[in-house]
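Working notes, beginning with the structure itself.
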Amino acid sequence: MRAILTAGRYFREKFNVNVYKVPISIFGFTCPNIDGSVAKGGCIFCENESFSPNLEHNTERPKRFFLQPNTSHNPYLDFQLLQLETQFKKTQTSLRKKFGAKKFIVYFQSFTNTYAPLETLKALYTKALGFEDVIGLSIGTRTDSISSDVLEYLAELALKHEIWVEYGVQSSYDQTLQRINRGHDSANIASSITLTRQYGLNVCTHMIFGLPQETQEMMLESVKFALSLDVQSFKFHPLYVVKKTALAHDLNKGAFTPITEEVYIDTLVKAVGLLPSHVMIQRVSAGIGDTSLLAPDWCYDKHLQMLKIRQAFARNGWSY
Ligand code: SF4
């Protein structure tokens, strides 16, 4: 049985201990695909709060404030730093209790986490790296929201810490990227990942299987495209539809058919088969177990989904 290089295995081998990611959502961050800089409305599947379990609703701060990378104005930095600390410590305490966790990576997960003034990013990243037992950062962002200044700063941090940049790639096909209102094309993906690698940073790419009108062959070509850019890790997701999204509208009109569980797992197995053994896999499943899920039904029970994926991997002689 070949052990797939999961995030757990990768970090255990590197640090001799289990490392846990702590997801963080910071007030004021947005996305250029939502605030109108690139487009409005966001990706057709995006209802961002559904991806943000840690997002707090605090009545003491204004409802509308959004960071902009081209201005250093940020009257809420102290609030954001406090929010970072509160979220981190809460999750850290619970992970210590539940799993005896000893080391942590702070994961800036929601929205576009480099779409902010550099001074704000520096303050947040420095604070996060100063928490007890934090060994690094993982920063989720878009390929059109990264600058040489930010990459240079991250490369400096990477001299002493484990730093990952997570890019939503989703597909390498421009017609798909347009269809999902992604707001950038595959040339932008290629140039930004290439630049990130030139700074020596680790790159994790998110891929979605089941995007509108994509065949399995296209999904696998997108994986090959990301591999050709020398990425170090993948997160694979099936596309599922939640309420209050443009995709929900398409689903209701009968204009979108979700990927089946069988096709997703078959595509996943084929995609994993393409990866060299040093490429780490951080995620192979996704879903949401509440009433916001519209389709497909099999994305409701993530445990069952994971069980079937493990069984499919086992049939190929892989342990996950
Ligand atoms: S890039 Fe992310 S946050 Fe922005 S619209 Fe797309 S899914 Fe939503």
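Residue numbers 91 to 410, in the working numbering, belong to the letters of the sequence shown in order.
Using N, Cα and C, we set each Cβ at its ideal position, and we do this for glycine too.
Residue i versus the options, residue with shortest Cα-Cα distance
i: residue 352; options: 184, 386, 325; result: 386
i: residue 249; options: 227, 120, 375, 356; result: 227
i: residue 117; options: 252, 103, 348, 170; result: 170
i: residue 238; options: 267, 180, 285; result: 285
i: residue 381; options: 333, 338, 354; result: 333
i: residue 176; options: 201, 229, 112, 119; result: 112
i: residue 114; options: 273, 229, 92; result: 229
i: residue 222; options: 205, 167, 181; result: 181
i: residue 234; options: 281, 291, 254; result: 281
i: residue 110; options: 167, 98, 358; result: 98
i: residue 243; options: 257, 277, 258, 204; result: 204
i: residue 289; options: 403, 316, 206, 236; result: 236
i: residue 162; options: 91, 390, 209, 272; result: 209
i: residue 191; options: 200, 258, 101, 231; result: 101
i: residue 399; options: 132, 365, 360; result: 360
i: residue 275; options: 188, 129, 336, 391; result: 129
i: residue 355; options: 186, 344, 310; result: 310
i: residue 245; options: 258, 319, 287; result: 287
i: residue 167; options: 187, 133, 189, 119; result: 119
Where residue i falls, given that 16 or more other Cβ within 10 Å makes a residue buried
i: residue 405; result: exposed
i: residue 363; result: exposed
i: residue 296; result: buried
i: residue 260; result: buried
i: residue 104; result: exposed
i: residue 143; result: Note on residue 143: pLDDT 40, under 50, position unreliable in the model; no value is reported.
i: residue 348; result: buried
i: residue 159; result: buried
i: residue 292; result: buried
i: residue 403; result: buried
i: residue 255; result: buried
i: residue 135; result: buried
i: residue 350; result: exposed
Per-residue DSSP class, three states only, for residue i
i: residue 185; result: helix
i: residue 107; result: coil
i: residue 96; result: strand
i: residue 409; result: strand
i: residue 232; result: coil
i: residue 114; result: strand
i: residue 163; result: coil
i: residue 269; result: helix
i: residue 173; result: helix
i: residue 215; result: helix
i: residue 325; result: strand
i: residue 149; result: No answer about residue 149 holds up, because its pLDDT of 48 lies below 50 and its placement is not dependable.
i: residue 143; result: With a pLDDT of only 40 at residue 143, under 50, the local geometry of the prediction cannot be trusted, and the value read off the model is given with reservation. Residue 143 falls in the coil class under three-state DSSP.
i: residue 257; result: strand
i: residue 91; result: coil
i: residue 373; result: strand
i: residue 334; result: coil
i: residue 294; result: strand
i: residue 226; result: strand
i: residue 392; result: helix
i: residue 128; result: coil
i: residue 101; result: helix
i: residue 178; result: helix
i: residue 403; result: helix
CB contact check: residue i to chain B, cutoff 8 Å
i: residue 307; result: The question asks about chain B, but that chain is absent: this structure has only one protein chain.
Near the ligand COA: residue i beta-carbon under 7 Å from a heavy atom
i: residue 116; result: Looking for the ligand COA in the displayed structure turns up nothing; the ligands present are the ligand SF4.
Touch test, the segment 306 to 326 against the segment 363 to 376, Cβ-Cβ under 8 Å, three pairs minimum: Yes: the two stretches touch, three or more of their Cβ pairs being nearer than 8 Å.
Sufficient close CB pairs (3 or more, under 8 Å) joining the segment 328 to 348 to the segment 119 to 127: no
Validate contact between the segment 216 to 227 and the segment 188 to 197 using beta carbons, cut 8 Å, 3 pairs: yes
Three CB pairs or more closer than 8 Å across the segment 304 to 314 and the segment 252 to 267: yes
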